[in-house]
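Reading through the C-alpha cells given below for one structure.
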Amino acid sequence: MSDWIYPVTLRGRRVTLEPLQPEHCEGLQAAAGDGELWRLWYTSVPTPENMAASIEEALEEQAQGVSLPFAVRDNASGKLLGSTRYLHVEASHRRLEIGATWYARSAQRTGINTECKLLLLTHAFEELKAIAVEFRTHWHNRASRAAIARLGARQDGVLRHHYKMADGSFRDTVVFSIVEPEWLAVRRNLQFMLETHE
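Residue 116 in my numbering sits at position 123 of the sequence shown, with consecutive numbering throughout.
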C-alpha cells in the first residue's frame, strides 16, 4: 500500500464510495446486470461470472499502491450501483487517474456520476494534494468523452493504438485532465450541476 493513497470512505448526499471488498461481489454482479453492461464492446465491465476475479485483481493493485478501488452505494436504497477507482497512481508526482468507472444503467444520467466525481476529486485535490487528475476513455465511447468534458476536464490528447482489447481490436485512448489551479472552478461547476439536477 502506498503512503499517499489509503482506503477511505467518501460520503455524499446520494451515494457513498466504500473501499472495495470481496463481499461487494454479489451486489456488483446485480448492478452490472442492469443493462448487461459487459456487452458494450468499448468498455471493460466484468461479466457476472468474472466479477470476483475482477475484484481480486483490483485489490492486488491496491496492495501494490497503484490503485484504490471503490464500490458505489446508493444511500437511499442501500443497493450497489457500480464501481470506480483511483488508478495509475504516481505518488512521487502526486498524480492519479480516476477511471475503471461503471454504473448500472438505471443509475446513468441521474447525477450519480457527478457526485461520485465531486467526492473523488475533492479527496484528491484537498486531502491528497494532487497536482493533476487524469481521465481516460476509449475513442469510441462518446458518452464517456462527453461526460468527462462536462466535468470540466480538458482533453490532453489521444494515445493511438494505446493497447489491445480482448476482442483483438486496438484502443485509441482519449486523455483528459484537471490540474490543481483549475480545481476551484471545476468544484463550483460540479456543485452547480448537482444543485440544478435535483
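Cβ atoms here follow ideal geometry from the backbone N, Cα and C, with glycine treated the same way.
Open item on the list: Going by beta-carbon coordinates alone, are His131 and Leu73 separated by less than 9 Å?
Closed with: In terms of Cβ geometry, His131 and Leu73 do not form a close pair [threshold 9 Å].
TODO: Please go through the region 135 to 174 and give each complete beta strand (DSSP E) segment of 3 or more residues, from N-terminal end onward.
DONE: Runs of the beta strand (DSSP E) inside the region 135 to 174: 147 to 157 and 163 to 172.
Task: When Ser99, Val172, Ser70 and Ala23 are compared against Lys122, the one with the closest alpha-carbon - done: Nearest option by C-alpha distance: Val172.
Open item on the list: So if DSSP puts Asp67 in a beta bridge, which residue, or which two residues, is it bridged to?
Closed with: Paired residues: Val8.
Task: Assigned secondary structure, Trp132 (DSSP; H/G/I helix, E/B strand, else coil) - done: Note: Trp132 maps to coil in three-state DSSP.
Open item on the list: Among the candidates Asn106, Gly58 and Glu120, whose CA atom is the shortest distance from the CA of Ala136?
Closed with: The closest CA to that of Ala136, considering only Asn106, Gly58 and Glu120, is found on Asn106.
Task: Stretch pair the region 112 to 128 + the region 35 to 45: three plus CB contacts closer than 8 Å - done: In this structure the region 112 to 128 does not lie against the region 35 to 45, because fewer than three pairs of beta carbons, one per stretch, are closer than 8 Å.
Open item on the list: Once DSSP output is grouped into helix, strand and coil, what is the label at Leu121?
Closed with: Leu121 falls in the coil class under three-state DSSP.
Task: For Leu187, the three-state DSSP class (helix, strand or coil) - done: In the structure shown, Leu187 sits in a helix (DSSP, three-state: H, G or I).
- [ ] Tell whether a beta-carbon distance below 9 Å holds between Leu187 and Glu119.
- [x] The criterion of a C-beta distance shorter than 9 Å is not satisfied by Leu187 and Glu119.
- [ ] Within its chain, find whatever has a CB closer than 8 Å to the CB of Ala142; leave out the 5 residues flanking it on each side and keep chain order.
- [x] Hits under 8 Å: Gln148 and Phe169.
Open item on the list: Per DSSP, what are the beta-bridge partners of Tyr96 in this structure?
Closed with: Answer by DSSP bridge pairing, in chain order: Gly75.
Task: Separation of Lys157 from Trp(-3), as counted between CA atoms - done: For Trp(-3) and Lys157, the distance between alpha carbons rounds to 30 Å.
TODO: Have a look at the DSSP bridge pairing and note the partners of Ser60.
DONE: BP columns for Ser60 point to Leu80.
TODO: Please say whether His86 and Ile124 have beta carbons closer to each other than 9 Å?
DONE: Yes. Within cutoff.
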